[in-house]
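Here our numbering is used: the first residue of the sequence shown is 2, the next is one more, and so on.
All residues carry an ideal CB built from backbone N, CA and C; glycine is no exception.
Bear in mind the structure is a predicted one, so any value in this text is a computation, not a measurement.
Taking it in order: structure first as structure tokens, then the write-up.
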Amino acid sequence: MKIITGLTVSLLIVFLNNVCPVKAESRRGEETIRDLITRLNNEYISIDESLKKLEKNIWNFPSTTLNISVANRNSDIKLISIELLDGVKLVESHFYTPIENEALWNGGRHQLFHKEIKEGNRRLVAVYYWIEGNKPPSKGEEIIPIHITWGKDTFIEFFFEKKEGKVDLKVSQIDFKQ
2 MKIITGLTVS LLIVFLNNVC PVKAESRRGE ETIRDLITRL NNEYISIDES
52 LKKLEKNIWN FPSTTLNISV ANRNSDIKLI SIELLDGVKL VESHFYTPIE
102 NEALWNGGRH QLFHKEIKEG NRRLVAVYYW IEGNKPPSKG EEIIPIHITW
152 GKDTFIEFFF EKKEGKVDLK VSQIDFKQ
């Protein structure tokens with residue numbers, strides 16, 4: 002019995018000696034992981050504060066947008082489509098449905114284009130197709146030179162006017178400084 006008790010005590014001492022260093026190493030590992038978590042959290046807080054400062058600096062930054070809308074109050078003119086080109090590059094196009102034409106006749110306005118744009122001179126070309134009464138579809142083209150100024154919103158409205166049997170696209174432009 003003394004041999005079994007001695008053997009048991011010896012095995013217990015050997016076991017405890019081998020297990021305690023593992024616990025000490027795991028505690029050091031836990032502390033290292035906690036240090037990493039703390040450091041990453043501090044870096045996240047620092048980055049978040051920097052982003053908030055950047056956001057605050059650009060919150061009221063002036064925009065340079067171009068807005069183009071289409072209006073048609075003449076119920077004799079049914080729009081088929083309109084294409085907007087910047088030089089030779091197609092920027093926007095739209096086909097009009099009967100419901101959209103009716104909305105335009107009743108005072109509606111179609112927002113054809115609304116985007117941030119670089120400052121400078123532009124040569125926009127509007128190509129439009131329409132039907133008047135029972136006549137075959139007709140095509141019209143209008144060149145619109147515009148100057149985009151940094152920090153200004155430019156609003157352009159296209160509206161259709163019938164004069165002497167011909168349909169013309171009229172353009173009005175308004176610039177708003179912020």
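In this structure, residue 65 keeps its C-beta atom at 7 Å or more from the C-beta atom of residue 103.
Leaving aside the five residues that flank residue 131 on each side, the residues in its chain whose CB is nearer than 8 Å to its CB run, in chain order, 78, 79, 80, 81, 138, 139, 141, 161, 168. Residue 110 is positioned such that its CB atom lies no closer than 7 Å to that of residue 173.
The bridge partners DSSP lists for residue 66 are 117. Within the same chain, Cβ atoms closer than 6 Å to the Cβ of residue 96 are found at 82, the five residues on either side in sequence being excluded. Residue 68 sits close to residue 156, with the two beta carbons spaced by under 7 Å.
In chain order, 65, 66, 67, 149 place their CB closer than 7 Å to the CB of residue 118, counting only its own chain and leaving out the 5 sequence neighbours on each side. Looking from the CA of residue 158, the closest CA among 125, 164, 133, 134 belongs to 125. Residues of the same chain with their beta carbon placed closer than 6 Å to that of residue 166 are lacking, with the five preceding and five following residues left out of the count.
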